[in-house]
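What follows is a single structure, written as structure tokens, with notes after it.
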Amino acid sequence: MLDNSQNVLVTGGTFNHVEHRGMPAFLQLRSAIADGAMHDSGERFDPPKCYPGTREVILKQFLDWVIEHDRETFLRWLYDPVGAGKSAILQEIAEMCAKRKLLIASFFFARTASVRNDEKRLIAAIAYQLAQSIPDTLPLIEKAIERDPAVFSRSLDSQILPPTRPTL
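Residue numbers (the UniProt record's numbering): 1 to 168.
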């Protein structure tokens, strides 16, 4: 406050030091997520589920792929027509992985939910869950947000690639 001052005498004064640094990075992250997108969100209660005894083959294939250590790909895509049960299958897989402590993050899109019908909140939601699942990642995520507080308003590529470069 009085940098490089010498021989200063202050009497009867009142000092107010006000500093504004903006919203802390974790709170920025928290405000950018889509709560309802997570597999265990109260907003999605009661989420779609597979009827007991059905879809066991595909559920096993997905779970085996998750557990497999030397897999060739780290992304698995499930596609089918609207109403075929993709959300139910993926909900079951997310719950199975969560029970086994294998789930790091989940995001369920919904055409009718305004914050889950596009990718705008995807990266923030994944980063938030990553910080919750693997606490050692929180300082890296916070640093990326501090470096660019507007990161969540950028394109999907800009949200993924630049923040991870210093850590790769």
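The C-beta atom is built at its ideal place from N, Cα and C for all residues, glycine as well.
Secondary structure note for Gln129: its alpha helix (DSSP H) is the uninterrupted segment Leu122 to Ser133. A straight-line Cα-Cα distance of about 25 Å links Thr14 and Gly22. For Asp80, the secondary structure class from DSSP, reduced to helix, strand or coil, is coil. In the DSSP assignment, Met38 falls outside any alpha helix (DSSP H) and carries neither an H nor an E.
Met23 sits in coil when the DSSP states are folded into three classes, being neither helix nor strand.
With a beta-carbon spacing of about 15 Å, Leu130 and Ala94 fall beyond the 8 Å limit used to define contacts. The three-state secondary structure of Ile104, taken from DSSP, is coil. Annotation for Leu29: Ala124, Ala127, Tyr128, Ile141 and Ile145 place their beta carbon closer than 7 Å to its own, counting only its chain and skipping 5 residues before and after. When the five nearest sequence neighbours on each side are left out, the beta carbons in the same chain lying within less than 8 Å of the beta carbon of Lys86 are those of Leu78, Tyr79 and Asp80, in order along the chain. Spanning the alpha carbons of Tyr51 and Met38 requires a straight line of approximately 21 Å. When the Cα atoms are used, Arg76 and Leu63 turn out to be separated by approximately 11 Å.
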